[in-house]
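Participant: Sending over a structure as structure tokens; questions will come in a sec.
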Amino acid sequence: EQEEPLSSKKKKSVEFLSNQYDQVLKELDQIKAEIKEVSKKYTEISNAIAAIEDYSFNYNVKIVGMPVVSEYERAYETVEICLRLFTALGVKDISPYDIHDIAHRVPTGRNFPNKPNPIICKFTRRISKEKVMAARKN
15 EQEEPLSSKK KKSVEFLSNQ YDQVLKELDQ IKAEIKEVSK KYTEISNAIA AIEDYSFNYN
75 VKIVGMPVVS EYERAYETVE ICLRLFTALG VKDISPYDIH DIAHRVPTGR NFPNKPNPII
135 CKFTRRISKE KVMAARKN
């Protein structure tokens, strides 16, 4: 076999590298398209979660600064704290049946270790929440 001239080898090497480069660019474009699609789906899912949270919060009241009854405060004790607060605000017709499932404390993290955790009180009806919020503003 006759050895190819050096320029022919260089030409083949350049063609090979050029083809490899073109393939890498093509794969990069595919990856960019996939990332764009995933990003779009992520945005849609994030918006859906935000809408669900917003809707859920229509029934919630967050109460901050209420002292903890005991170290192991039970759900019914937290409900009683809420009911006493609502009565003190002048809302007389709220009962445990107006509170959906339970009222509970949520952790705040380590930023405020000396403050009691806020209470989330979820109502069964928005009208009950609105009564409490109206009384709070008065």
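Just so you know, we're using this note's numbering here: the sequence shown kicks off at 15 and counts up by one.
Note that beta-carbon positions come from the ideal geometry of N, C-alpha and C, so glycine has one too.
1) Under three-state DSSP, which class holds residue 68?
2) Applying the 10 Å Cβ sphere with the 16-neighbour rule, what's the burial state of residue 137?
3) Pull up the distance between the alpha-carbon of residue 131 and that of residue 51, whole angstroms please.
4) By how many angstroms is the C-alpha of residue 84 removed from the C-alpha of residue 98?
5) Here's a check: name, in chain order, each residue in its chain whose Cβ is nearer than 8 Å to the Cβ of residue 112, leaving out the five neighbours to either side.
6) Could you give the DSSP three-state label for residue 74: helix, strand or coil?
7) For residue 74, which residues in the same chain have their Cβ closer than 8 Å to its Cβ, ignoring the five residues on either side in sequence?
8) Along the alpha helix (DSSP H) that carries residue 119, what are the first and last residues, could you check?
9) Looking at the secondary structure, which residues open and close the beta strand (DSSP E) in which residue 136 lies?
10) Taking the alpha helix (DSSP H) that residue 95 belongs to, which residues open and close that run?
11) What do you get for residue 100, buried or exposed, if any count of 16 or more other CB atoms within 10 angstroms of its CB means buried?
Facilitator: If we stick to the structure as given:
1) DSSP places residue 68 in helix when its eight states are reduced to three.
2) Counting the other CB atoms within 10 Å of its CB gives residue 137 a total of 16 or more, which places it among the buried residues.
3) Residue 131 and residue 51 have their C-alpha atoms spaced approximately 40 Å apart.
4) Their Cα atoms are separated by approximately 16 Å.
5) Only 137, 138, 139 and 142 meet the Cβ criterion.
6) Looking at residue 74 - three-state DSSP - the assignment turns out to be strand.
7) Correct list, in chain order: 134, 135, 136, 137 and 143.
8) Segment 113 to 119 is the beta strand (DSSP E) holding residue 119; no alpha helix (DSSP H) there.
9) Note, residue 136: beta strand (DSSP E), 133 to 137.
10) 89 to 102 is the extent of the alpha helix (DSSP H) around residue 95.
11) With 16 or more other Cβ atoms inside 10 Å of its own Cβ, residue 100 counts as buried.
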